[in-house]
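Q: Residues in the sequence shown are numbered from 959 upward in steps of one, following my numbering.
For every residue, glycine included, the Cβ atom is placed at its ideal position computed from N, Cα and C.
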Amino acid sequence: MYAIIEASGKQYKVEEGKTVKIDKLSQKIGDTVEFKSIFTSDKGKKISTDSTKVIGKVVGNIKDKKIIVFKKRPKKGYKKTIGHRQNYTEVEITKIG
């Protein structure tokens, strides 16, 4: 059984017992998080999403690998290098439905 949830303006495909990386949430480690399901499927059958809830547990807060952003203006001698690491929250899905 899997579900499609919406969190932080993005959609994620989740399954029970699996861990998913979601953009930074304000909950602490060990807190439970509740998401509304947009779509739920069980072995290819579509299930109604009227009152389907997805419950997860916050496992940790992590950072993604560094991304290098490089800006340059040709013939002007302007160069700028910036790095960015996105913050994520790891959530373990405990219950669907």
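Beta carbon of Ile980: closer than 7 Å to some heavy atom of the ligand PLP?
A: By its list of ligands, the structure shown contains no ligand whatsoever, and the ligand PLP lies outside what it can speak to.
Q: When we look at the beta-carbon of Tyr970 and count the other beta-carbons within 10 Å, is it buried (16 or more) or exposed?
A: The count along the sequence shown starts at 1 and reaches residue 970 at position 12. Buried, since its Cβ has 16 or more Cβ neighbours within 10 Å.
Q: Below 8 Å CB to CB, which residues in the same chain sit around Val1027 once its five sequence neighbours on both sides are set aside?
A: Taking the sequence shown and counting its residues from 1, the one referred to as residue 1027 is at position 69. If we look at Val1027 and ignore the five residues flanking it on each side, its Cβ neighbours are Thr1039, Ile1040, Gly1041, His1042.
Q: Can you tell me whether DSSP reads Gln974 as helix, strand or coil?
A: Locating residue 974 in the sequence shown gives position 16, where the first residue counts as 1. Reading off the sequence shown, one finds Glu at residue 974, where the question assumed Gln. Coil, per DSSP.
Q: Is the beta carbon of Lys1024 less than 8 Å from the beta carbon of Lys1030?
A: Taking the first residue of the sequence shown as 1, we reach residue 1024 at position 66. Taking the first residue of the sequence shown as 1, we reach residue 1030 at position 72. No, the pair does not count as a contact, with Cβ atoms beyond the cut-off.
Q: Specify, as a first and last residue, the run of the beta strand (DSSP E) that Ile987 falls within.
A: Numbered from 1 along the sequence shown, position 29 holds the residue referred to as residue 987. Premise fails: Ile987 is in no beta strand (DSSP E) and is neither H nor E.
Q: Can you give me the C-alpha to C-alpha distance between Thr1052 and Asn1045, rounded to a whole angstrom?
A: Along the sequence shown, read from residue 1 onward, the residue named residue 1052 stands at position 94. Along the sequence shown, read from residue 1 onward, the residue named residue 1045 stands at position 87. C-alpha separation (whole angstroms): 22 Å.
Q: Using DSSP with H/G/I as helix, E/B as strand and the rest coil, what is Thr1010?
A: Within the sequence shown, residue 1010 is the residue found at index 52, counting from 1. In the structure shown, Thr1010 sits in coil (DSSP, three-state: anything other than H, G, I, E or B).
Q: Going by DSSP in three states, Gly1018 sits in which element: helix, strand or coil?
A: Against the sequence shown, residue 1018 aligns to sequence position 60. Three-state result, Gly1018: strand.
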